[in-house]
Amino acid sequence: MLHNADYYMQEAKKLKHKADALLEKFGKAVNYADAAISFIECGNAMERDPLEAKSPYTMYSETVELIRYAMRLKNFTGSSATEGDKKLAVLCYRCLSLLYLRMFKLKKDHAMKYSRSLMEYFKNSSKVSQAPSPWGGKSTETPSPMSLSPSPISTLGSTTSTAGSSSVGTVSIPQRIHHMAASHVNITNNVLRSYEHWDMADKLTKENKEFFIDLDLVMGPLTQHSSMTNLVRYIRQGLHWLRTEAHLL
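Residues in the sequence shown are numbered consecutively from 2, following the numbering used here.
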């Protein structure tokens, strides 16, 4: 049964407060992961209802931070980690992977717009840099957009190395281009983070194959194309099994 975003928000807060009160680190992390699942449901509900005041992107971003916090409570992947620790790490990494990918998809249109604008800017900058010199000089090299020669004004800010005679110049670019480039990197970096965490989960899964084979059989395999709804069901079942194994019920 589907509920509105506020319902899932209240459920998530209850679970988070429960985790806050616990001292044992594994149980604490499991409860934070459980809270994260409800926060994901909240974000999913926000996507269904465009009238929600808070953006689903912000909700997913804050959920990422909660999971990362839970993962810092102890070393869940080192030599001293238990099987339960590593299973929880896999579930958290799967969550992070799909959250990062969802965050990218929510901002993909912005990334495409920034990409087109940046490509156009660097294309035009390249044409300007290859224009004939007013003093009749000829360039022997064709500079790339990212290696444009600094303007006479920008060279005033260049830094000379104290260790040698080489100097590092700076290139002046419009503030809007700098802003677009930074935003583009922030958005597309979510894809890299998604794949990074998915690979980390794959490596740890090999150490507890039976657990995740059984979970796949019961819930259906989780993939990078899985929906937020399928992610929630899969992770929630996995957390329930971890609670049972650790006698946390």
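Think of the CB as a built atom: it goes at the ideal place given N, C-alpha and C, for glycine as much as any other residue.
Owing to the predicted nature of the structure, the values given are computational and were not obtained by experimental measurement.
Legend entry - Extent of the continuous alpha helix (DSSP H) to which Glu48 belongs: Against the sequence shown, residue 48 aligns to sequence position 47. Taken as a continuous stretch (DSSP letters only), the alpha helix (DSSP H) holding Glu48 covers Lys26 to Arg49.
Inset, instruction - Give a yes or no on contact between the stretch 90-97 and the stretch 53-63, applying the rule of three or more CB pairs nearer than 8 Å. - result: no
Inset, instruction - Can you say whether Ile236 is buried or exposed, counting buried as having 16 or more other CB atoms within 10 angstroms of its CB? - result: Along the sequence shown, one-based indexing puts residue 236 at 235. With 16 or more other Cβ atoms within 10 Å, it is buried.
Inset, instruction - With Ala71 as the anchor, note down where its alpha helix (DSSP H) starts and where it stops. - result: Here the question's residue 71 lines up with position 70 in the sequence shown. Start and end: Pro57 to Met72.
Inset, instruction - Please report the Cβ distance between Val31 and Leu223, rounded to the nearest whole angstrom; I am assuming they are in contact, meaning their Cβ atoms lie under 8 Å. - result: Stepping through the sequence shown from its first residue, residue 31 is reached at position 30. Stepping through the sequence shown from its first residue, residue 223 is reached at position 222. Not a contact, Cβ separation roughly 18 Å.
Legend entry - Length of the line joining the Cα atoms of Pro57 and Tyr70: Position 56 of the sequence shown holds residue 57. Position 69 of the sequence shown holds residue 70. Answer to the nearest angstrom: the Cα atoms are 20 Å apart.
Inset, instruction - Return the chain-ordered list of same chain residues with a C-beta closer than 7 Å to the C-beta of Ala202, the five sequence neighbours on each side being excluded. - result: By 1-based counting over the sequence shown, the position of residue 202 is 201. Excluding positions up to five away in sequence, the list reads Val91, Tyr94, Arg95 and Ser98.
Legend entry - Whole-angstrom C-beta distance between Ser39 and Tyr9, which should lie under 8 Å: The residue you call residue 9 lines up with position 8 of the sequence shown. The residue you call residue 39 lines up with position 38 of the sequence shown. Contact holds; Cβ gap of about 5 Å.
Inset, instruction - Identify which residue in His4, Leu89 and Met2 has its Cα closest to the Cα of Lys255. - result: Any question about residue 255 goes unanswered here, given that the chain covers just 2 to 250.
Inset, instruction - Examine the Cβ distances between the stretch 4-20 and the stretch 35-49 and report whether three or more of them are shorter than 8 Å. - result: yes
Legend entry - Host alpha helix (DSSP H) of Phe212 (start-end): Residue 212 sits at position 211 when you count from the first residue of the sequence shown. Its alpha helix (DSSP H) spans residues Lys210 to Met220.
Inset, instruction - Assign Met104 to buried or exposed, taking buried as 16 or more other Cβ atoms, counted over all protein chains shown, within 10 Å of its Cβ. - result: As a first step, residue 104 is located in the sequence shown; it is residue number 103 there, counting from the start. Label assigned to Met104: buried.
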